[in-house]
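Engineer: Heads up: the first sequence begins at 1307 in the numbering used here, then just goes up one per residue.
The beta carbon of each residue, even a glycine, is placed where N, CA and C say it ideally should be.
Starting off with a structure, shown below.
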Amino acid sequence: MLERKVRVRFAPSPTGALHIGGVRTALYNYLFARQHGGDFILRIEDTDSQRFVAGAEDYIINSLKWCGINIDEGVSVGGPHAPYRQSERKEIYLKYAQELVAKGWAYYAFDTSEELTAIRSEYEAEGKTFAYNYEIRTKLKTSLSLPANEVEELLKSCNHWVVRFKMPENHEIKMNDIVRGNVVVNSSTLDDKVLYKAADLLPTYHLANIVDDHLMEISHVIRGEEWLPSLPLHYMLYEALGWSDSQPIFAHLPLLLKPDGKGKLSKRDGDKLGFPVFPLFWTAPDGETARGYKEDGYLPEAFINMLSLLGWNPGNDQEIMTIEQMTELFSIEKCGKSGSRFDPEKAKWFNAQYIKAADNTQLAELFLPICSANGVEVSLDLAAKVIGLVKDRASLITDFWGLASYFFTAPTSYDDKAVAKFWKNDNPNAIKVIRDIVNNCDTIVAADCEALVHGYIKESGLGMGGVMNSFRLAIVGESKGPSMFDIIEILGKKETLSRLDMALKTL
RNA sequence: GGUCCGUUCGUCUAACGGUUAGGACGCAAGAUUUUCAUUCUUGUAAUAGGGGUUCGAUUCCCCUACGGACUACCA
């Protein structure tokens, strides 16, 4: 048991974009697999034909790829247990459902959904809660209440029969979870879940999940806390199928909560919260769209780093970690038990740290498309130089344009407040002198130019702040940005003179 | 309503039953700076409440409160 090879799976259902909670679950599974030299498997749980959304599977795969979460086995890469899409495994499940019925662990039920909702509302009207369980299963149309020949008949004639698990009465189900510890539930509080439905010849999540985890030799199930209430059923299914000995070890992760504190983060939150909940931009089949971290200007490494710390931490004060370091330090035992509220501000801070540390040319590659979108074609070399000067001011890749557009296009207007504050007294005259200094240079070299200009300002007795800010105003259009001399070195003599002339003329 | 899970600064979190309850984000102040940032320094702020157990509880147990998940022929 201890020697079992680590095999974990991420098993989303393709009902839409993958939100950041799902990405975190995938990440933890991935880190755990890497750390133990195990396999990370992607299985698509598409047993609900009603909720299937076209494009969702590709979206999931692309998202994992962007995040640097590599799939060892599963949908999109294949493997020894193919297929990994449950809809393509549909013929596997029926025999297990039948086996459970034969062993007395399950039974056939013939109620229609309409009949059941009717009974439910009857119960509700009386203030009671309806549960399909040991008390009621012999009173409804099931293979437990009907004579054998009638059951045979119904199985042939009725196309909507289902197999339900026969949850035993008053049985203490003792479970163990790496995050939660020991949990005990009395089976009488549980209901008889549907395991298989004849209507579409597909199993429900519970059966498919247990069968596939068994067949795919999954060693650890790391999933969200929303599954904890069905863990007793899953334990019982392993027992009923005779697989308890090879049952995976479970870990239920706390949920990611909305920043406003109301409930768990969900796909439907889209970007209504003011920040993306999806890794990539998403376009639903109906045309609805939602923002993504990538398009909002996040670096995948920062995104993953930020997510990793929501519900886990290495136990020391280290916050900035590569995925390799996370792999080394990760442990499920150190995962918290309570839900984490996502903080968009801290996410930005992480990204700013990664931008500062990133290679200028790599950042420039991400910046070029943004320049094009703004109608400016820039060389990679120039973009990299500019980014080198402004990246300390950026939190997102998308900040670069606002921070650096003046390198590519001359200002068309000047910031009023800055004009009022600096473009007065002798400063405009000083700009004329600076213009001459620039004009006398063959090419602009930042350090040389700085020596000349600073020399002049000191000599003239004018204030450094006033002159330099007037200079900045003329070149940039407002009062912000890196060293003036670095800016004009990149701009070049001709452009610098033209901007000075323009400012002298218009201001 | 029922079942289960949880609760340390506003947020993410650390703390063999013994710490001035630590770090980070945010916020505030200061330093540096030609501007805006960056950077650095400092400050701000927490053990939900009540009972136990113990020489001693953030830590163990119980109750209450609050929060969350689940309660489908969805996953």
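1. Who are the near neighbours of H1278 in its chain, counting only those whose CB is closer than 6 Å to its CB and skipping five residues on each side?
2. Assuming A1670 and A1700 are in contact, meaning their beta carbons sit under 8 Å apart, how far apart are those beta carbons, in whole angstroms?
3. In three-state terms, what does DSSP make of F1316?
4. Start and end of the beta strand (DSSP E) containing P1338?
5. Taking the alpha-carbon of D1354 as reference, which of D1722, L1507, G1593 has the nearest alpha-carbon?
6. Does the beta-carbon distance from I1350 to S1393 come in below 9 Å?
7. Is N1488 helix, strand or coil when you go by DSSP?
8. Under the assumption that C1373 contacts I1610 (Cβ atoms under 8 Å), give the Cβ distance between them as a whole number of angstroms.
9. Under 6 Å Cβ to Cβ from K1764, same chain only, skipping five residues before and after it: list those, please.
10. Which residue wins for smallest C-alpha separation from F1581, given the options Y1712, G1433, E1594, P1565?
11. Relative to the C-alpha of K1600, which residue among G1593, E1607, L1586, A1608 is closest?
12. Please state whether the Cβ-Cβ distance between I1750 and G1798 is less than 9 Å.
13. Confirm, please, whether the CB-CB distance from E1607 to I1638 is below 9 Å.
14. Between Y1762 and the rest of its own chain, which residues show a CB-CB distance below 7 Å, the 5 nearest in sequence each way excluded?
15. Mind checking whether Q1668 and I1626 have CB atoms under 9 Å apart?
16. Around the Cβ of T1495, are there at least 16 other Cβ atoms within 10 angstroms (buried) or fewer (exposed)?
17. When you compare only the Cα positions, how much space is there between E1379 and H1512?
18. Over the uninterrupted alpha helix (DSSP H) stretch that includes M1481, give me the two end residues.
19. Does DSSP put R1357 in a helix, in a strand, or in coil?
20. What first and last residue would you give for the alpha helix (DSSP H) that runs through F1673?
21. May I ask which residues mark the beginning and end of the beta strand (DSSP E) holding L1348?
22. State the CB to CB distance for the pair A1412 and N1465, rounded to an integer number of angstroms; the pair is presumed to be in contact (CB under 8 Å).
Structural biologist: Short version:
1. Nothing about residue 1278 can be reported from this structure: the residues present for the chain run from 1307 to 1813 only.
2. For a cut-off of 8 Å, the C-beta gap from A1670 to A1700 is around 13 Å, too long to register as a contact.
3. Of the three classes helix, strand and coil, the one that applies to F1316 here is strand, per DSSP.
4. Checking the sequence, you will find Phe at residue 1338 rather than Pro. No beta strand (DSSP E) holds F1338; the alpha helix (DSSP H) holding it covers 1326-1341.
5. Distances from the CA of D1354 to each of D1722, L1507, G1593 were compared; the closest alpha carbon is that of L1507.
6. Yes; because the gap between Cβ atoms is below 9 Å, this pair is in contact.
7. Strand at N1488.
8. In this structure, C1373 and I1610 form a Cβ contact; the two beta carbons are roughly 5 Å apart against a cut-off of 8 Å.
9. Answer for K1764: no residue qualifies.
10. Residue P1565 is the option with its Cα nearest to F1581.
11. Here the closest residue by C-alpha is L1586.
12. In contact: I1750 and G1798 (Cβ atoms closer than 9 Å).
13. No, these two residues do not count as a Cβ contact at 9 Å.
14. So the qualifying residues of the chain are V1739, I1743.
15. Cβ distance not < 9 Å, so Q1668 and I1626 don't count as in contact.
16. The residue in question, T1495, is exposed, as its Cβ has fewer than 16 Cβ neighbours within 10 Å.
17. Rounded to whole angstroms, E1379 to H1512 spans 22 Å at the Cα level.
18. Secondary structure note for M1481: it is in no alpha helix (DSSP H), and the uninterrupted beta strand (DSSP E) holding it is 1478-1483.
19. Three-state DSSP puts R1357 in coil, outside helix and strand.
20. That run of the alpha helix (DSSP H) goes 1666-1679.
21. For L1348, the uninterrupted beta strand (DSSP E) segment begins and ends at 1345-1348.
22. With a Cβ gap of about 19 Å, A1412 and N1465 do not count as contacting.
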